[in-house]
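Please read the structure below before turning to the comments.
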Amino acid sequence: MESGLNFIDLILKASFLVQLVMLTLVGLSIASWAIIFQRKSVIGNALGNAKKFEQRFWSGMELSKLYNEVTARDGQQEGLEALFVAGFKEFARHQKNSINAAGLIIEGTNRSMRVALSREIEKLESSLSFLATVGSISPYIGLFGTVWGIMNAFIALGQVKQATLQMVAPGIAEALIATAMGLFAAIPAVMAYNRYAKNVEKLENLYVNFMEEFANILHRQAAAQAEAKQNVPA
Numbered sequence: 001m002e003s004g005l006n007f008i009d010l011i012l013k014a015s016f017l018v019q020l021v022m023l024t025l026v027g028l029s030i031a032s033w034a035i036i037f038q039r040k041s042v043i044g045n046a047l048g049n050a051k052k053f054e055q056r057f058w059s060g061m062e063l064s065k066l067y068n069e070v071t072a073r074d075g076q077q078e079g080l081e082a083l084f085v086a087g088f089k090e091f092a093r094h095q096k097n098s099i100n101a102a103g104l105i106i107e108g109t110n111r112s113m114r115v116a117l118s119r120e121i122e123k124l125e126s127s128l129s130f131l132a133t134v135g136s137i138s139p140y141i142g143l144f145g146t147v148w149g150i151m152n153a154f155i156a157l158g159q160v161k162q163a164t165l166q167m168v169a170p171g172i173a174e175a176l177i178a179t180a181m182g183l184f185a186a187i188p189a190v191m192a193y194n195r196y197a198k199n200v201e202k203l204e205n206l207y208v209n210f211m212e213e214f215a216n217i218l219h220r221q222a223a224a225q226a227e228a229k230q231n232v233p234a
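Heads up, the sequence shown is in UniProt numbering, so the first residue is 1 and it goes up one at a time.
Given below as C-alpha cells:
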C-alpha cells in the first residue's frame with residue numbers, strides 16, 4: 001500500500017510538464033484500448049460473416065435467389081455480401097439491357113465489385129492508423145517526459161551544497177514513470193495493429209479470391225446465355 005501511495009505521490013509532485021506528458025499518455029492509452037476492442041469486434045464479425053456467406057454461396061443455391069435473400073434483409077450488406085450484391089446487381093442490369101457481350105458484362109461487374117471492395121477494406125482499416133501512430137509516438141512522448149524530469153532533478157541538485165540520493169531519487173523516479181507509461185501505451189497499440197493488419201490482409205485476399213471466382217461464374221452464365229440467343233432460329 002505504501003509503494004502505491006509513493007507512486008501516486010510522485011505523480012502529484014511531478015512538474016507540470018511531466019504531469020501533462022503523463023496525462024497525454026493516459027489519454028492515448030485509453031483511446032487505443034477503446035479502438036482495440038472496437039476493431040476486435042468489427043474484424044472478428046467480418047471473418048465470421050465471410051465464412052458463413054461462403055458456405056451459402058457454394059451450397060448450390062441459385063444466384064438470383066441468394067441475391068433476393070440477401071437484399072431482403074434490413075440493414076446494409078457488408079463484406080462478401082456487399083461484393084456479391086454489387087457484382088450481381090451490375091450483372092443483372094446488363095442482362096436487362098440486353099447486352100450480350102460477355103466481356104463487357106464482366107468488365108462492368110468487376111468494376112462494381114472493385115468499388116465495393118475498396119469501401120469494405122476502408123471500413124476494416126478504419127482507426128488502425130491511430131494505433132500505429134500511438135505505437136510510434138508514445139515512447140518518444142514518454143522519453144521527453146523522462147528527459148525533462150531528469151533535467152529538473154539535476155537542476156535542483158546543482159542548487160544545494162551537499163547532494164544526497166534522497167534528493168535526486170524523486171526526480172529520477174518521476175522521469176522513469178513517464179517512460180513506463182509511454183511503453184504501456186505503445187506496446188498494446190503496436191501488438192493490436194500488427195494483428196489486425198494481418199487479419200485485414202487475410203480478409204482482403206479472401207475478398208479478391210471470391211471476386212475472381214464469382215466473376216468466372218458470371219462469365220460462364222453470360223457466355224451461355226449469349227450463345228443460346230445466337231442459336232435461336234430467326
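Don't be surprised by glycine CBs; every beta carbon is placed ideally from N, CA and C.
Remember, predicted model here, so these are calculated numbers, not experimental data.
Beta-carbon contacts of I36 that lie in its chain and below 6 Å, excluding the five residues immediately before and after: Translated into positions along the sequence shown, residue 36 becomes position 36. So the qualifying residues of the chain are A192.
Alpha-carbon spacing of G103 relative to E122, whole angstroms: Translated into the one-based positions of the sequence shown, residue 103 becomes position 103. Translated into the one-based positions of the sequence shown, residue 122 becomes position 122. Approximately 29 Å between the Cα atoms of the pair.
Using the three-state DSSP reduction, which class does D9 fall into: helix, strand or coil? Mapped onto the sequence shown, residue 9 falls at position 9. Three-state DSSP puts D9 in a helix.
Comparing alpha-carbon positions, which option in R73, N205 and A180 lies nearest M22? Here residue 22 refers to the residue found at position 22 of the sequence shown. The option with the nearest alpha carbon to M22 is A180.
I'd like the ranges of any alpha helix (DSSP H) spanning at least 4 consecutive residues and lying wholly in the segment 63–127. 63–72, 80–96 and 102–124
Taking Cβ positions, are F210 and L63 nearer each other than 8 Å? Start at 1 with the first residue of the sequence shown, and residue 210 comes out as number 210. Start at 1 with the first residue of the sequence shown, and residue 63 comes out as number 63. No, they are not a contact pair.
Among residues of its own chain, excluding the 5 on either side of A175, which ones have a beta-carbon nearer than 6 Å to its beta-carbon? As a first step, residue 175 must be located in the sequence shown, where it is residue number 175. Closer than 6 Å at the Cβ level, and outside the excluded window around A175, lie T146, G149 and I150.
Check whether A185 and V115 have beta carbons under 8 Å apart: Position 185 of the sequence shown holds residue 185. Position 115 of the sequence shown holds residue 115. For A185 and V115, no; Cβs fall outside 8 Å.
Grouping DSSP H, G and I as helix and E and B as strand, with all else coil, what is S3? For this step, residue 3 is matched to residue 3 along the sequence shown. With a pLDDT of 47 at S3, under the threshold of 50, the modelled position of this residue cannot be trusted; read the value that follows with caution. In the structure shown, S3 sits in a helix (DSSP, three-state: H, G or I).
Among V85, N216, E125 and V208, which one has its Cα closest to the Cα of V42? For the purposes of this step, residue 42 is identified with residue 42 of the sequence shown, where counting begins at 1. It is E125 whose Cα lies nearest to the Cα of V42.
Under DSSP, the alpha helix (DSSP H) around M22 begins and ends at which residues? Locating residue 22 in the sequence shown gives position 22, counting from the first residue. That run of the alpha helix (DSSP H) goes F16 to F57.
Exposed or buried, E81, counting other C-beta atoms within 10 Å across all chains shown (16 or more means buried)? Walking along the sequence shown from the start, residue 81 turns up at place 81. Buried, because 16 or more other Cβ atoms sit within 10 Å of the Cβ of E81.
Please classify S118 as buried or exposed, where buried requires at least 16 neighbouring CB atoms within 10 angstroms. Position 118 of the sequence shown, counting from 1, holds the residue named residue 118. Classification of S118: exposed, given that the 10 Å Cβ count is below 16.
E78: which of R56, R39, L17 and A50 sits nearest, CA to CA? Translated into the one-based positions of the sequence shown, residue 78 becomes position 78. If we check each option's Cα against that of E78, A50 comes out closest.
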